[in-house]
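Throughout, the working numbering is defined as the position within the sequence shown, counted from one, plus 384.
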Amino acid sequence: MKPIRLFATLFVLMCAFSARAGEVNVAVAANFTAPMNAIAAEFARDTGHQAKLAFGSTGKFYAQIKNGAPFQMLLAADDETPAKLEQEGIGVPGSRFTYAIGSLVLWSAKADYVDAKGEVLKHGAFNKLALANPKLAPYGKAAMEVLTGMGLLDAVAPKFVQGENIAQTYQFIMTGNAELGFVALSQVMKDGKIAGGSVWIVPGQLHNQIRQDALILATGKGNAAADALMKYLKGDKAKAIIKSYGYAI
């Protein structure tokens, strides 16, 4: 094929690819920041579609969506919020599915500070314990369930430092404003390993399962990029990324 003809063919293909590409505005639970950034980059390379991401607490996103925020898709930190939006007619029926099951950890940026069984909660001389606002963040709600089940809630409640979301909670611990706290396993993992500090991976039976559901919102109905992202999240490449951050599928 002559160079001019080859260039013309490639140009036509690129234009067709570009014409099919679209954008989707996605509200993403803060615990899923790192994996979703990685998935969005692969999604753009593989499909040409762009996922515009905003990160925050699921509770705040619910309020924003109810008030008309321009999101077409929600990746929540629970399964209750997407189900509620679907029931209220704000979600596309049948689009909801569980994209990840999260793990809660007790983490300190200090090495050897948190023991492998979480006994530091009973015997540690810490001043501040960070957790996400349980009214807004499912991981904060799970942390409260753990402390209640262990009979420690009353003893440690005066030491609480509450983050608006799980990302802010992580920052409290990382900067030393709290010696330890409850965050998502995904926040302290890199390449399948704990990235630093010390951690107790909280047994799943100590709190309700953290099922994280995705939902196409009514504003995203018929959006090709939203449909493509939902499909992509169910694919092998996205699943591999999700698992690498400590989530179950």
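Here a beta-carbon is modelled for each residue, glycine too, at the ideal position from N, C-alpha and C.
> Per DSSP, Val530 forms a beta bridge with which residues?
Replying inline: Along the sequence shown, one-based indexing puts residue 530 at 146. Secondary-structure assignment with DSSP links Val530 through no beta bridge to anything.
> Where are the alpha helix (DSSP H) runs, 4 residues long or more, that stay fully inside the segment 490 to 571, in chain order?
Replying inline: Listed in chain order, they are 504 to 507, 522 to 533, 537 to 540, 550 to 558.
> Near Gln571, which residues of its chain fall below 6 Å by C-beta distance, leaving aside the five closest residues on each side in sequence?
Replying inline: By one-based count along the sequence shown, residue 571 stands at place 187. Closer than 6 Å at Cβ, skipping near neighbours: Tyr554.
> Going straight from the alpha carbon of Leu564 to that of Tyr497, what length do you get?
Replying inline: Here residue 564 refers to the residue found at position 180 when the sequence shown is read from its first residue. Here residue 497 refers to the residue found at position 113 when the sequence shown is read from its first residue. About 8 Å.
> Apart from the five residues on each side of it in sequence, which residues of its chain come closer than 7 Å, Cβ to Cβ, to Asp430?
Replying inline: To locate residue 430, count along the sequence shown from 1; it is residue 46. Once the five neighbours on either side are set aside, Asp430 has no close Cβ partner at all.
> Which residues mark the beginning and the end of the beta strand (DSSP E) in which Gly443 is found?
Replying inline: The residue you call residue 443 lines up with position 59 of the sequence shown. For Gly443, no beta strand (DSSP E) run applies; the uninterrupted alpha helix (DSSP H) run containing it begins and ends at 442 to 450, by DSSP.
> Straight-line CA distance for Lys519 to Asn561?
Replying inline: Residue 519 sits at position 135 when you count from the first residue of the sequence shown. Residue 561 sits at position 177 when you count from the first residue of the sequence shown. CA-to-CA, the gap between Lys519 and Asn561 works out to about 22 Å.
> Over what stretch of residues does the beta strand (DSSP E) that includes Arg595 continue unbroken?
Replying inline: For this step, residue 595 is matched to residue 211 along the sequence shown. Per DSSP, Arg595 belongs to the beta strand (DSSP E) from 594 to 600.
>> On a Cα-Cα basis, can you pick out the residue from Ala526, Thr442, Thr465, His507 that is closest to Leu380?
In response: This structure does not reach residue 380, given that the chain is present from 385 up to 633, and the question cannot be answered.
> Can you tell me the Cα-Cα spacing of Ala413 and Ala460, whole angstroms?
Replying inline: Translated into the one-based positions of the sequence shown, residue 413 becomes position 29. Translated into the one-based positions of the sequence shown, residue 460 becomes position 76. Whole-angstrom Cα-Cα distance: 5 Å.
>> Within a Cβ cutoff of 7 Å, which residues of the same chain sit near Gly443, ignoring the five residues on either side of it in sequence?
In response: Against the sequence shown, residue 443 aligns to sequence position 59. Around Gly443: Lys519, Leu520, Ala521.
> Exposed or buried, what is His433 when buried is set at 16 or more other beta-carbons lying within 10 Å of its beta-carbon?
Replying inline: In the sequence shown, counting from the first residue as 1, residue 433 sits at position 49. The residue is buried, with at least 16 neighbouring Cβ atoms inside 10 Å.
> For Asn421, which three-state DSSP category applies?
Replying inline: Here residue 421 is taken as the residue at index 37 of the sequence shown, counted from 1. Secondary structure of Asn421 (DSSP, three-state): helix.
> What's the C-alpha gap between Phe481 and Ala610?
Replying inline: Residue 481 sits at position 97 when you count from the first residue of the sequence shown. Residue 610 sits at position 226 when you count from the first residue of the sequence shown. Those two C-alpha atoms are separated by around 14 Å.
> With burial defined as no fewer than 16 other Cβ atoms inside 10 Å of the residue's Cβ, what is the status of Gln589: buried or exposed?
Replying inline: As a first step, residue 589 is located in the sequence shown; it is residue number 205 there, counting from the start. Here Gln589 is exposed. Its C-beta has fewer than 16 other C-beta atoms within 10 Å.
> So what does DSSP say about Ala622, is it helix, strand or coil?
Replying inline: Translated into positions along the sequence shown, residue 622 becomes position 238. Annotated three-state conformation of Ala622 is helix, per DSSP.
> How many Å lie between Glu426 and Leu617 at the Cα?
Replying inline: In the sequence shown, the residue the question calls residue 426 occupies position 42. In the sequence shown, the residue the question calls residue 617 occupies position 233. Whole-angstrom Cα-Cα distance: 11 Å.
> Helix or strand or just coil, what does DSSP make of Tyr616?
Replying inline: As a working note, residue 616 is residue 232 in the sequence shown. If DSSP states are grouped into helix, strand and coil, Tyr616 belongs with the helices.
>> Taking the alpha-carbon of Tyr629 as reference, which of Ala447, Ala568, Thr532, Ala500 has the nearest alpha-carbon?
In response: Here the question's residue 629 lines up with position 245 in the sequence shown. Distance check between Tyr629 and each of Ala447, Ala568, Thr532, Ala500 places Ala568 closest, using alpha-carbon atoms only.
>> Using a Cβ-Cβ cutoff of less than 7 Å, which residues in the same chain neighbour Ile585 once the five nearest sequence positions on both sides are dropped?
In response: Numbered from its first residue, the sequence shown carries residue 585 at position 201. Excluding positions up to five away in sequence, the list reads Ser487, Val489, Leu569.
>> Taking a contact to mean a Cβ-Cβ separation below 9 Å, would you say Gln448 touches Ala411 in this structure?
In response: Taking the first residue of the sequence shown as 1, we reach residue 448 at position 64. Taking the first residue of the sequence shown as 1, we reach residue 411 at position 27. Less than 9 Å separates the beta-carbon of Gln448 from that of Ala411.
> Per DSSP, what kind of secondary structure is Ser628 in: helix, strand or coil?
Replying inline: For the purposes of this step, residue 628 is taken as the residue at position 244 of the sequence shown. Three-state result, Ser628: helix.
>> So, under 8 Å CB-CB, Leu601 and Gln456 are touching, yes? Tell me the CB distance rounded to an integer number of Å.
In response: The residue labelled residue 601 in the question sits at position 217 within the sequence shown. The residue labelled residue 456 in the question sits at position 72 within the sequence shown. That belief holds up - the Cβ atoms of Leu601 and Gln456 are roughly 6 Å apart, short of 8 Å.
> Going by other Cβ atoms of all chains shown within 10 Å of its Cβ, with 16 needed for buried, is Gln593 buried or exposed?
Replying inline: The sequence position of residue 593 within the sequence shown is 209, counting from 1. Its Cβ having fewer than 16 others within 10 Å, Gln593 is exposed.
>> Alpha carbons only, please: which of Gln596, Gly581, Tyr523, Ala424 is nearest the one belonging to Ala551?
In response: Position 167 of the sequence shown, counting from 1, holds the residue named residue 551. Ranked by Cα distance from Ala551, the options Gln596, Gly581, Tyr523, Ala424 are led by Tyr523.
> Which stretch, first to last residue, makes up the beta strand (DSSP E) that contains Glu464?
Replying inline: Within the sequence shown, residue 464 is the residue found at index 80, counting from 1. Counting along the chain, Glu464 falls outside any beta strand (DSSP E), though it belongs to the alpha helix (DSSP H) covering 464 to 471.
>> Only counting the same chain, and skipping five residues up and downstream in sequence, which positions put a Cβ closer than 6 Å to that of Tyr446?
In response: As a first step, residue 446 must be located in the sequence shown, where it is residue number 62. Only Thr465 meet the Cβ criterion.
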